[in-house]
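Numbering (the numbering used here), first residue to last: 9 to 201.
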């Protein structure tokens, strides 16, 4: 019986660790190509759940400024100057996916500047009609660099302006599923950079 309990405990811990593999800035998924990346599941905030506290666009949310919930961190270096866009598609339509894009000023998690902040969202029961649920990201034609929590402002639509990036810059994206843990999302990168 003790062996079975120990084995189940190990399997549970391994499963939890896998679900939170990229749930902290220091364990971010490092990407190097503009392509589609699939995150199969999200769950929890990793070991450091205070690395995204007091984020301005999240201040009027239920989390009172904490942008990290069922989080995944992604980092990349810019190989070519230009524009950068991305689209995040939740695997479950009613999930509210939010994100924060940081410019890494010295290449570490200790010195980052927020350059985009998306907290717009809606209740899951509005998934089929809300302009603030479903796909989100950075796309051409958008001008805003931040959207606050909720979906009350006329311009809220879960999309922000693309980034103008320079070769050699380093960026970090915090992606949070504020609705629930479980099924993840896909992120597709595009642009001239």
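Even for Gly, the Cβ is constructed at its ideal location relative to N, Cα and C. Values in this document were obtained by computation on a predicted structure and should not be read as measured data.
Skipping 5 residues on each side, what residues in its chain have a beta carbon closer than 7 Å to that of residue 199?
-> Here residue 199 corresponds to residue number 191 of the chain shown, with the count starting at 1. Answer for residue 199: 90, 91, 92, 93 and 170, listed in chain order.
Round the Cβ separation of residue 125 and residue 64 to the nearest angstrom and send it over; I've been treating them as touching at under 8 Å.
-> As a position in the chain shown, residue 125 is number 117, starting the count at 1. As a position in the chain shown, residue 64 is number 56, starting the count at 1. About 6 Å separates the two Cβ atoms, so the contact holds.
Which residues does DSSP pair with residue 128 in a beta bridge?
-> Your numbering for residue 128 matches position 120 in the chain shown. According to DSSP, which records beta bridges pairwise, residue 128 is partnered with 158.
List the DSSP bridge partners of residue 46.
-> Taking the chain shown and counting its residues from 1, one reaches residue 46 at position 38. Residue 46 pairs with 194.
Is residue 66 helix, strand or coil when you go by DSSP?
-> Counting from 1 along the chain shown, the entry for residue 66 is found at position 58. In this structure, residue 66 counts as helix in the three-state DSSP scheme.
According to the Cβ coordinates, are residue 156 and residue 141 closer than 7 Å?
-> For this step, residue 156 is matched to residue 148 along the chain shown. For this step, residue 141 is matched to residue 133 along the chain shown. No, Cβ-Cβ distance for residue 156 and residue 141 is not below 7 Å.
Nearest residue (CA-CA) to residue 82, options 51, 40 and 173 = Looking up residue 82 in the chain shown gives position 74. Looking at the Cα atoms, 40 is the closest of the given residues.
Distance, Cα to Cα, residue 184 vs residue 122?
-> Working through the chain shown from its first residue, we reach residue 184 at position 176. Working through the chain shown from its first residue, we reach residue 122 at position 114. For residue 184 and residue 122, the distance between alpha carbons rounds to 15 Å.
Is residue 134 helix, strand or coil when you go by DSSP?
-> Within the chain shown, the letter at position 126 stands for residue 134. Residue 134: helix per DSSP, three-state reduction.
What residue from 115, 102 and 119 has the CA that sits closest to residue 187's CA?
-> Taking the first residue of the chain shown as position 1, residue 187 is located at position 179. Of 115, 102 and 119, the residue nearest in Cα terms is 102.
Residue range of the beta strand (DSSP E) that includes residue 34 | Within the chain shown, the letter at position 26 stands for residue 34. Taken as a continuous stretch (DSSP letters only), residue 34 belongs to no beta strand (DSSP E), as it is neither H nor E.
Have a look at residue 33 and residue 51 and give me their C-alpha separation to the nearest angstrom.
-> Counted from its first residue, the chain shown places residue 33 at position 25. Counted from its first residue, the chain shown places residue 51 at position 43. If you take the alpha carbons of residue 33 and residue 51, they lie about 15 Å apart.
Exposed unless 16 or more other CB atoms sit within 10 angstroms - verdict on residue 136 = Position 128 of the chain shown, counted from the start, is the residue given in the question as residue 136. Label assigned to residue 136: exposed.
Roughly how many angstroms separate the alpha carbons of residue 56 and residue 76, rounded to a whole number?
-> Here residue 56 refers to the residue found at position 48 of the chain shown. Here residue 76 refers to the residue found at position 68 of the chain shown. For residue 56 and residue 76, the distance between alpha carbons rounds to 10 Å.
Since residue 80 sits in a beta bridge, which residues does DSSP pair it with?
-> Here residue 80 is taken as the residue at index 72 of the chain shown, counted from 1. Beta-bridge pairing links residue 80 to 183.
Host beta strand (DSSP E) of residue 91 (start-end) = Locating residue 91 in the chain shown gives position 83, where the first residue counts as 1. Note, residue 91: beta strand (DSSP E), 90-98.
Check residue 41 in the structure and name its three-state DSSP category.
-> By one-based count along the chain shown, residue 41 stands at place 33. Looking at residue 41 - three-state DSSP - the assignment turns out to be coil, as it is neither helix nor strand.
Within its chain, find whatever has a CB closer than 6 Å to the CB of residue 173; leave out the 5 residues flanking it on each side and keep chain order.
-> Counted from its first residue, the chain shown places residue 173 at position 165. The answer, listed in chain order, is 86, 92 and 201.
Going by alpha carbons, who is nearest to residue 120 out of 159, 108 and 148?
-> For the purposes of this step, residue 120 is taken as residue 112 along the chain shown, with counting starting at 1. That would be 108, whose Cα lies nearest to the Cα of residue 120.
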